[in-house]
C-alpha cells in the first residue's frame, strides 16, 4: 500500500456545468502538460415508462404492494444483505410481511459493498454501472424516491484503440427509437469493424432472427468464440468487440462466456431505446442505494441484523428449516427462510439431508468468478471523458475517472481512476504491488502523454486493490441448466441471488429481480392463498426485429459501399 495522502481541499468542488445545448465531451490528445478544465455533464433521466420491460417490472411491484394483507404477517428470515436479500426484504414488507435480514459482515451490499479509508475516501468491490435495460432496478429507485442519485451519461459506448495509444472509438446512439438508434450507432462506426465484417456478423445472427428467444436460450452450450466460428463470423469481430464485451458483462473471456449471455445483452440494448444508456450512482452503494432499501423495510416492521453470519441451517425431522444458527451461537427463528447468499457460500451450508436432492446437488456446477477492482488516486488531473470506457486491454476490462463521473469523488485537480482487472483468475493470488505495476503498464498505453509505468509523469498518491475471489456466478457455456429456481423443494425455504433462474443473468438487475421473484413466490403462497393472483406477463423481448434491421442495414449499406 502506498503512503496515504489526504485528498486536496478541492475534492468536493463542483465541476463546471454546461447547459442543455452543450456538445459532448471530446476525447483529446494532449501534447505535454497543460492546465485542464474538467467539464462534466449529467443527462436527464431517460423516459423508461413506455418500455415494455419497465411496465412489466412496475406491474410486479404493484402486484406485491397491492396483494391482500396476510391474516398474520410472516417472519421471513433472509440470510444475506446484498441486493438480492434487500430486494426480497423490500418487497416482502410491501406485501405486509416482516423480513429479518441477517448480514454476516459489518457492511451492506454484498457484491456492491464499499468501505471508507482513513482519509474518508470510499473504495468499492466493483465499478458499478446502471443500465437503462435494468427495469426492476429502475423501479426500485423510483419506489424509494431516489432517482436523482443516478448520474446519467451521454448515450455512447467508448472503446480504447489498442493500436493507437491515447485514441478512442465511439458508438454514439442518436435520440431516436430503438432499434434504429443502435443500428445507426453500429453502422456509423467504421474504426473497429469493416463493412464486410459487419455483414458477416449480421448474417451470423440470422438464426436468432428466425428462431427468436428459443434459439437464444439454446446457445448456452456454446462459448462466444465457438458460436462465432460456427456462424462463420471473422475472428476479428471477436477480437475487436466481444473480448471487451465479455469481460465487461461477466469478467471472463469470450472463449468461456456463454453465447446466450451476449445474445441476451444484444437483445436488451437493441430492443430498448434507453437500454444501453449508462448511469453512475452518485456515491457508494451501501449509503446511496442499500441503506434506503433498509430504511424502507424496517419502517414497515422488518429488521436488519449486522455481523450475523449463518453457521448452520438446522432442520426439523421432516426436512424443513427449523432455524438458522449463527457463528456467535445465536439462533434466529421465523416462519419462512430464504438464502440470498452467494452460491459458493450456500453450497457450504446445504444440510446433509438435502444434498442428495437434484435441486441442491446441481449447485456444485455453479461457482463464482474472481474479480479484482482497483482504485488509483493520482497527483494530477488526467485528460478524461465523463463516461465508462472499455479499455480493450489484455488485463483491464473497463474503467472510469470517478473524479469526473461521480459526485462523491468530484475533484477538479486530481484524478481517481477505478478499474476492473479481468479476467482475474491468474492474478487474484498475486501481491497488490504486482497488480498495480501491471495496471500502470496498461495505463501508459491508454494515457501515453500523461502516465508512465515508472511514474515519471503522473504519480500515484495512494491506491486500493479489492479482491473478490468468488464474485458473481461464472456464466460460462453450459451453466444455464444448473441455475435453480427461487422456489425450492423445501416448503419453507426459498432462494434469491443472481445465480438463480431469471433473465437478467449475473448482474445487479439479476440480483434485484431474483429477490423480487422470491418475494413473489411467498406472496403467491400466503397473501393470495385461495385467491387467484393477477396475471403477470413473463414475456421476454426477442432478438428479432432489431437484429433483422441490423442485418438488412448492414447488407444494404455494404452493397452500396461496394458499388461506389
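Numbering (UniProt numbering), first residue to last: 1 to 564.
Even glycine gets a Cβ: it sits at the ideal position worked out from N, Cα and C.
Can you tell me the Cα-Cα spacing of residue i and residue j, whole angstroms?
i	j	result
residue 435	residue 427	7 Å
residue 432	residue 440	12 Å
residue 301	residue 141	21 Å
residue 569	residue 518	Any question about residue 569 goes unanswered here, given that the chain covers just 1 to 564.
residue 371	residue 425	8 Å
residue 92	residue 527	10 Å
residue 515	residue 342	13 Å
residue 411	residue 185	32 Å
residue 137	residue 456	43 Å
residue 323	residue 71	23 Å
residue 159	residue 400	12 Å
residue 121	residue 468	20 Å
residue 294	residue 438	39 Å
residue 163	residue 489	54 Å
residue 363	residue 174	43 Å
residue 464	residue 161	27 Å
residue 45	residue 155	12 Å
residue 242	residue 229	13 Å
residue 96	residue 73	6 Å
residue 236	residue 194	10 Å
residue 48	residue 316	46 Å
residue 203	residue 287	46 Å
residue 23	residue 384	Low local confidence applies: a pLDDT of 31 at residue 23 is under 50, so the model's placement there is unreliable, with the coordinate-based value given in what follows. Each residue's Cα considered, the two are about 15 Å apart.
residue 386	residue 168	13 Å
residue 335	residue 75	5 Å
residue 246	residue 252	6 Å
residue 62	residue 42	30 Å
residue 296	residue 305	15 Å
residue 165	residue 448	6 Å
residue 89	residue 82	11 Å
residue 54	residue 329	43 Å
residue 318	residue 206	52 Å
residue 413	residue 466	25 Å
residue 191	residue 508	31 Å
residue 189	residue 157	11 Å
residue 285	residue 265	23 Å
Since residue i contacts residue j with CB under 8 Å, what's their CB separation in whole angstroms?
i	j	result
residue 309	residue 298	So it is not a contact: roughly 20 Å between Cβ atoms.
residue 250	residue 369	7 Å
residue 277	residue 131	7 Å
residue 339	residue 495	6 Å
residue 77	residue 337	5 Å
residue 52	residue 80	At roughly 30 Å, the Cβ-Cβ gap does not stay under 8 Å, so residue 52 and residue 80 are not in contact.
residue 182	residue 269	6 Å
residue 484	residue 503	Rounded, the Cβ-Cβ distance is 15 Å, inconsistent with contact.
residue 65	residue 106	No, residue 65 and residue 106 are not in contact; Cβ-Cβ is about 31 Å, not under 8 Å.
Residues in its own chain within less than 8 Å of residue i by CB, not counting five upstream and five downstream?
i	result
residue 303	98, 99, 100, 101
residue 292	144, 146
residue 480	217, 220, 258, 260
residue 391	160, 244, 397, 398, 399, 419, 442, 446
Excluding the 5 residues preceding and the 5 following residue i in the sequence, name in chain order all residues of the same chain whose CB lies nearer than 7 Å to its CB.
i	result
residue 225	238, 254, 255
residue 289	281
residue 472	111, 368, 369, 498, 506
residue 491	320
residue 475	250, 257, 258, 261, 505, 506
residue 116	122
residue 458	378, 379, 380, 382, 450, 451
Please go through the same chain and pick out, in chain order, the residues whose beta-carbon is closer than 6 Å to the beta-carbon of residue i, but skip the five residues on each side of it.
i	result
residue 248	397, 398
residue 273	177, 178
residue 444	451, 452, 453
residue 388	129, 278, 398, 400
residue 58	139
residue 533	524
residue 314	322, 323, 325
residue 84	340, 496, 497, 511, 514, 515
residue 124	114
residue 67	95, 523, 527
residue 307	106
residue 493	321, 337
State the beta-bridge partners of residue i as determined by DSSP.
i	result
residue 172	156
residue 252	Its beta-bridge partners do not exist; DSSP assigns none.
residue 419	374, 399
residue 99	76
residue 368	473
residue 310	326
residue 82	109
The region 349-361 touching the region 106-126, judged by at least three CB pairs closer than 8 Å: no
At least three beta-carbon pairs within less than 8 Å, the region 371-383 to the region 407-420: yes
Three-pair Cβ contact test at 8 Å for the region 148-159 versus the region 399-410: yes
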